[in-house]
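Below is one structure; the comments refer to it alone.
In the working numbering, the protein residues as written are 10 to 243.
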């Protein structure tokens, strides 16, 4: 009698596919990966926008300070013996250099007036000559601050702030001027028609310009030596 052939038992292969638990785990991992990727993209784009804004602010401030240097390098003054100290009720010297401060929204901003040969011919006016330049801060309708540059040819009219004055710098946060005398001492105000300054003009002017936003302020500082000046009276 022959031995019976041994029987072979085969495991039945499981049906293809994933369990519900596996699918949920996969979805969770996919969501984590997508969130991380998009978070990285947002960070990159936010950084790019901020850097681009800083570049624009830097370019605007650099142009502003360059314009100031050009204007002040062409400074025009009245000197002795042509210059005479003002007497009581005398009109001020038309070439007066006047540095003062003004209050806007509770903050003090610098304001500077002087005569210069760096007139910018605007509105199709071809005339040239000595002009009076005034740098002053103005508040726009949206409450933002800008630096304007007034430019009037001699004979100088009475100064009035105007929306027609070109904007020299936008996104302004702060503006300060420091005036250096012959002894290298500095002050925040100057009047070449005052005995307090010995009827002299400063030897250099330092500009502190802060622009940008409250969360990303950028401070620029430059010192502009004056090529012409009137010495203190004796």
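Using N, Cα and C, we set each Cβ at its ideal position, and we do this for glycine too.
Keep in mind the model is a prediction, meaning the values are calculated, not measured.
Which residues in the same chain as residue i place their Cβ atom closer than 6 angstroms to its Cβ, once the five residues preceding and following it in sequence are excluded?
| i | result |
| --- | --- |
| residue 120 | 109, 111, 145 |
| residue 150 | none |
Taking just the CA atoms, how far does residue j sit from residue i?
| i | j | result |
| --- | --- | --- |
| residue 224 | residue 240 | 44 angstroms |
| residue 56 | residue 63 | The predicted model places residue 56 with a pLDDT of 46, which falls under 50 and marks its position as unreliable; any figure quoted below should be read in that light. Distance between the alpha carbons of residue 56 and residue 63: 10 angstroms. |
| residue 41 | residue 81 | 60 angstroms |
| residue 45 | residue 230 | 41 angstroms |
| residue 202 | residue 95 | 7 angstroms |
| residue 197 | residue 232 | 14 angstroms |
| residue 154 | residue 76 | 19 angstroms |
| residue 86 | residue 115 | 33 angstroms |
Report yes if the C-beta distance between residue i and residue j is below 7 angstroms; otherwise report no.
| i | j | result |
| --- | --- | --- |
| residue 213 | residue 234 | yes |
| residue 123 | residue 106 | yes |
| residue 125 | residue 78 | no |
| residue 148 | residue 187 | no |
| residue 228 | residue 184 | no |
| residue 193 | residue 242 | no |
| residue 133 | residue 162 | no |
DSSP puts residue i in a beta bridge; with which residues?
| i | result |
| --- | --- |
| residue 187 | 215 |
| residue 125 | 84, 140 |
| residue 195 | 189 |
Here's a check: name, in chain order, each residue in its chain whose Cβ is nearer than 8 angstroms to the Cβ of residue i, leaving out the five neighbours to either side.
| i | result |
| --- | --- |
| residue 70 | 178, 218, 220, 227, 229 |
| residue 236 | 82, 84 |
Check whether the region 169–189 and the region 93–105 are in contact - that is, three or more C-beta pairs closer than 8 angstroms.
Output reads no: the region 93–105 does not touch the region 169–189.
Cβ contact (3+ pairs, closer than 8 angstroms) linking the region 125–134 and the region 153–165:
These segments touch.
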